[in-house]
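Residue numbers (the UniProt record's numbering), protein chains in the order written: chain W, 1 to 511; chain G, 1 to 349. For reference, the structure discussed in these notes is given below.
Right, dumping it as structure tokens:
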């Protein structure tokens, strides 16, 4: 995790320099619009509001210059916003936040391949108008409401208040370098620790007030990189709560130390110790001769299986996996390396896999208060198959993943990942020969004629899809498993039926 | 909490907890296993000379272990001991809450405990009557009720229904001739007949046949587990399955001290050794038969049984999953199976 973190951080560090290059050239053309942007600029108020009120004149000047730059950066995007609003009737209300979302759309959209943040701000100016039309068309299906916020893959446009640790973390989120709701929460808390450690309360405010405000842009940035998980939401709520409760009269150094200790304690209690308890309980459910089926990859399931193996229990594992993240591959590899007999299926073979299994162990993204499991897309299918075979379905889940929210289906609350993830580089390559089957009217064709010289690259396939009227790629990340399919939830509070989720949630948040 | 050095392996060598337990159980035929266990533990604490909280808990733990090891099927018993232990821990850790004055005077706390432990036993005894009064409201005029086993709570409920009202109902009593509690069942049958309730006695195999005439099923339980399923006399599970398939309501009557902190996934997840499925390629059944008889004998005698004794089909239990159960009638009200976990969490946290 840490190696990739530094890698990401270095590759990302080029970005700010480039942004600064762009802005002066844009400044002239945008200067007219910047007057009319009074209302738009207000939307950035949260970040501005953080700025301390009492500063030396020189600092004040610097700060104003920075604010102006930020406003301009937004202005570029806010320009075409009116036309966007006209064309996107469905997104009408969301566009009230237009200028805020504008820059994000612009910067992530033209990105042909993910994981290359340094490319992101090359073609900024022309893209927006055309993109917005495509957006409007795509938004027809059930999942339209989830497209409001395309994922951000660069640090460009991030508020200046965002801490470097958070900046790096955001990129790790958007590239799935840090994946899994617990891992994301822990990484976020560690980044917040770095933030608090280097934090100094400005003169004239109190720590509890200012720090909370400072958290705002950090969280916003992280959310833009990838919508935050339930665990992150829970942790943020908890952190804000303890920050608010900090006594203003405590010296800053003490308050900071207390906060850092509290965060460490939280991680230890709610994750490390909880995992240990869950593991120990879950291992007792693995009997000699069992065939444990699991879907995708969950760290707690992995720990449990390894512990059971070390305890000398003779069992085997079936890992069911699916496109496009292939998280199960790593799990299968790790388990096999540890000496456990592993079989690996793709979800297309799940109905066969389930016949050999004797128990199903699942990880969770979140447990909803109506007892439903919110987890990696495909989980519901596996649990349904298991239920049909009357196999016990066991969910391993720390109580920090419990939420008071309820989910009736996987449509209302879900996360849409960039559709281009669906096709790997190799698959795109394989599709290239189909190019002459594209309709004549297809925009990709027209474009291609202009740049005839260039050899067709795999990334062009994405353009075909983008430009195609009747084909729409959808990649949702989660689904909801009905409570009836779940036999048991193992938490650090013991084993529960799904109906007890709200009880334990209440218990874990009160104490 | 008063810190104390840990006590030796056997803090109370002269006290025969198993003997006391069996005496209590024999003296009062109306007592259930968990209540008898609690009563025995209270007696042990009264007998002992413990002077600190840690000592008390260590003593309790030791006695519980001895008691559990002495019985082949400690599920029902462990419900009582766990509950008592939990109760002790919560009261001992918060001595101030008892309003007993200075908390360092452990003697007062101990006396309070002993008297309270007795209250606990009293309350547990009364709960059966309460359940009976809740349960009778489920029986409707002209209903036919199917029940099984020798559950005292079910017996109390049906008797109450027969005594208290002018209501007329019929009972189909499933008695497996080989079962160890066939005797208890016959007693209840005789009792009901004495109260002018028509009773039909059928064997296990006739349940499906009779189900068409049945309006509701009421069964007792040895333990109610965390997901709302029940552990009960072998054969209960199949009655549950049949009742579900015919859409007959299936009610469980159980005191809440029978709630066990145990989570079963299926029949073979029971924490006890049962010898029911015995694959064999010879016809010779003598070996198992003998053990069955031996078990039966030792069950009724007062001798200590070794831990590794197994249960055979005659006194075995099975697990009825919560989706077959319509409701659990307890002294604190009628619960859905999913509420059991909530009740248990309330006790444990």
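A virtual CB, placed ideally from N, CA and C, is assigned to each residue, including glycine.
With 8 Å set as the bound, which would you pick, yes or no: does the beta-carbon of residue i sit closer than that to a beta-carbon of chain G?
i	result
residue 228 of chain W	no
residue 320 of chain W	no
residue 497 of chain W	yes
residue 491 of chain W	no
residue 277 of chain W	no
residue 392 of chain W	yes
residue 90 of chain W	Bear in mind that the predicted position of residue 90 of chain W carries a pLDDT of just 43, short of 50, making it unreliable; the figure below should be weighed with that in mind. Not one chain G Cβ lies under 8 Å of residue 90 of chain W.
residue 131 of chain W	Residue confidence is low: residue 131 of chain W scores 45 on pLDDT, short of 50, so the model does not pin down where it sits. Its coordinate-derived value is still stated next. Cβ-Cβ to chain G under 8 Å: no for residue 131 of chain W.
Relative to the alpha-carbon of residue i, which residue among the options has its alpha-carbon at the smallest distance?
i	options	result
residue 235 of chain W	W/144, W/265, W/461	W/265
residue 506 of chain W	W/400, W/241, W/154	W/400
residue 174 of chain W	W/156, W/226, W/207	W/226
residue 380 of chain W	W/347, W/267, W/404, W/199	W/347
residue 529 of chain W	W/416, W/429, W/421, W/467	Only positions 1 to 511 of chain W appear in this structure, which leaves residue 529 of chain W out of reach.
residue 482 of chain W	W/441, W/374, W/475	W/374
residue 376 of chain W	W/181, W/487, W/193	W/181
residue 159 of chain W	W/197, W/217, W/258	W/217
residue 207 of chain G	G/192, G/229, G/242, G/143	G/242
residue 389 of chain W	W/233, W/356, W/361	W/356
residue 249 of chain W	W/209, W/221, W/360	W/209
residue 338 of chain W	W/310, W/352, W/349, W/326	W/310
residue 198 of chain W	W/402, W/183, W/214	W/214
residue 233 of chain W	W/404, W/424, W/360	W/404
Assuming residue i and residue j are in contact, meaning their beta carbons sit under 8 Å apart, how far apart are those beta carbons, in whole angstroms?
i	j	result
residue 195 of chain W	residue 145 of chain W	Not confirmed; about 32 Å, so no contact.
residue 181 of chain G	residue 234 of chain G	No, residue 181 of chain G and residue 234 of chain G are not in contact; Cβ-Cβ is about 11 Å, not under 8 Å.
residue 42 of chain G	residue 118 of chain G	6 Å
residue 136 of chain G	residue 174 of chain G	The Cβ separation is near 21 Å, so there is no contact.
residue 75 of chain G	residue 223 of chain G	5 Å
residue 519 of chain W	residue 286 of chain W	Only positions 1 to 511 of chain W appear in the structure, and residue 519 of chain W is not among them; the question remains open.
residue 314 of chain G	residue 178 of chain G	5 Å
residue 395 of chain W	residue 362 of chain W	5 Å
residue 320 of chain W	residue 328 of chain W	7 Å
residue 256 of chain G	residue 342 of chain G	Actually they are not in contact, since the Cβ atoms of residue 256 of chain G and residue 342 of chain G sit about 12 Å apart, beyond 8 Å.
residue 422 of chain W	residue 323 of chain W	7 Å
residue 398 of chain W	residue 491 of chain W	7 Å
residue 156 of chain G	residue 192 of chain G	Not quite, the Cβ-Cβ distance comes to about 11 Å (not below 8 Å), so this is no contact.
residue 153 of chain G	residue 38 of chain G	Not quite, the Cβ-Cβ distance comes to about 17 Å (not below 8 Å), so this is no contact.
I want to verify the contact list: residues of chain G whose CB lies under 8 Å from the CB of residue i, in sequence order.
i	result
residue 500 of chain W	338, 341, 342, 345
residue 504 of chain W	345
Any Cβ of chain W within less than 8 Å of the Cβ of residue i?
i	result
residue 319 of chain G	no
residue 16 of chain G	no
residue 334 of chain G	no
residue 331 of chain G	no
residue 19 of chain G	no
Check the Cβ of residue i against every Cβ in chain G and list those closer than 7 Å, keeping chain order.
i	result
residue 487 of chain W	265
Please compile the residues from chain W whose C-beta is within a distance smaller than 7 Å of the C-beta of residue i.
i	result
residue 228 of chain G	497
Note down, in chain order, every chain W residue with its Cβ under 8 Å from the Cβ of residue i.
i	result
residue 349 of chain G	493, 507
For a cutoff of 8 Å on Cβ pairs, would you count residue i as touching chain C?
i	result
residue 80 of chain G	The structure shown has no chain C; the protein chains it does contain are W and G.
- Task: Would you list, in chain order, the members of the segment 277-309 of chain W that have their beta-carbon closer than 8 Å to a beta-carbon of chain G?
- Result: The segment 277-309 of chain W vs chain G, Cβ under 8 Å: 285.
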